[in-house]
Structure formats: structure tokens, C-alpha cells
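Numbering of the sequence shown is given in my numbering, commencing with residue 14 and proceeding in unit increments. Taking it in order: structure first as C-alpha cells, then the write-up.
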Amino acid sequence: MTILRRPCPGTSINECPSGVSRYERGRWVVWLNPSETTSRQRFTLAHELKHIIDNGAAHTTVYKRLTPSEIESVCDHFATNLLMSRRAVYHLWGDGLRTPESLAMAFHISVNAMRRRMVALGLPTDLDEPSVLNYVDAFPDTPAPDTLPGHFLSEPPSTAFPGVAA
Ligand SMILES: [Zn+2]
Numbered sequence: 014m015t016i017l018r019r020p021c022p023g024t025s026i027n028e029c030p031s032g033v034s035r036y037e038r039g040r041w042v043v044w045l046n047p048s049e050t051t052s053r054q055r056f057t058l059a060h061e062l063k064h065i066i067d068n069g070a071a072h073t074t075v076y077k078r079l080t081p082s083e084i085e086s087v088c089d090h091f092a093t094n095l096l097m098s099r100r101a102v103y104h105l106w107g108d109g110l111r112t113p114e115s116l117a118m119a120f121h122i123s124v125n126a127m128r129r130r131m132v133a134l135g136l137p138t139d140l141d142e143p144s145v146l147n148y149v150d151a152f153p154d155t156p157a158p159d160t161l162p163g164h165f166l167s168e169p170p171s172t173a174f175p176g177v178a179a
């Protein structure tokens, strides 16, 4: 798969869609609108990935009964779950990231997209940031000791291997 951050063929940067994917010459090519934010481009890439995954059998069976708008919703749903899984959002929420801004930063997602995700997951979006002050890092920095523990120093260093004359 080739990912190109430029307008898809035949469009200018002012008129190109967020993303387009096509199978060309034996490979998938995804064009992403370079004028959009990196966060938006990530979401669009995940959306296009669903189009690619479902190309073929799904298109002729499952998608046959869906409107184009419904297919786009399916791809948005996939991208949302890929980039902001319920489990991951709840996990970071439990760790103390409780605002759309802090969660958006953690997931590299736009604040608006995270706000919509929080609402969908039943999480309040109007809490104050200070909850982050109670954030407990699962892997806190461990201060390095100034000296080695005493038992390392109580034995004289041995330079000889057992059974080998020095
Ligand atoms: Zn689409």
C-alpha cells in the first residue's frame, strides 16, 4: 500500500476529499488531503483502510444493501474503534485523563473527535483538567541510588575465576 499526502489525481488541494483509495497497478494507493491536520489524516487513513479491507466479497454481499452514506458510517465506525478503542479510552480515563483535550492528545486525535467518542461511551466531557494532577504513572521514574547497596561493597572484588590461578 502506498500512502500519498497530496490531492488525488484530477483534484486540487482546495477541492480534494479527505481521502481516496484505489487499487492501481497491483497495489493500493491512498491519497490524503495534506491541508488537513495530522490527526485528521490518521482518522482518514483508518477510514480508507476499512474500504480496502472490505473491497471484494463484502462489497458484493454485505454492502449491497447499504447506501453510500451507510458505507461511509461503517468506515467511520471502524476508524473510531481502531484509533480510540472503548477499552483504551476507559483505561486512560481510569488513569486520570478525563478531559477531551488530554485524551485527544494521548490518542493523537482531534479534540472534537474525542469529544464525540466520549459522549458515545457515556463519559462526561465537562470535567476540569485538575484530575490529571492525580494521574498515577504505571511506570514512574525510579531514582537512581547514589551508591551501590552495602552488600555489594562488603565483599572484595574477585578477579580470578574459580580453579584458575591468578
Ligand atoms: Zn469513505
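Every residue, glycine too, gets a C-beta built ideally from N, C-alpha and C. Keep in mind the model is a prediction, meaning the values are calculated, not measured.
Could you check the C-alpha separation between V132 and T138 for me, to the nearest Å? 7 angstroms
Cβ of E28 within 8 angstroms of any heavy atom in ligand 1? no
Which residue's Cα is closest to the Cα of W182: G135, C88, T73, H64? Residue numbering for the chain in the displayed model covers 14 to 179; residue 182 lies beyond these limits and cannot be assessed.
Starting from the N-terminal end, write out each residue whose C-beta falls within a distance shorter than 5 angstroms of any non-hydrogen atom of ligand 1. E85, C88
Indicate whether the contact test is met: 3 or more Cβ pairs, each with one atom in the region 48-65 and one in the region 117-128, closer than 8 angstroms. yes
Which term fits G32, buried or exposed, when burial requires 16 or more other beta carbons within 10 angstroms of its beta carbon? buried
Could you pull out every residue in the same chain whose Cβ sits closer than 6 angstroms to the Cβ of V42, ignoring the five residues on either side in sequence? T15, R35
Within the continuous beta strand (DSSP E) that includes I16, where are the two ends? 15-17
Mind checking N46: buried by the 16 CB within 10 Å criterion, or exposed? buried
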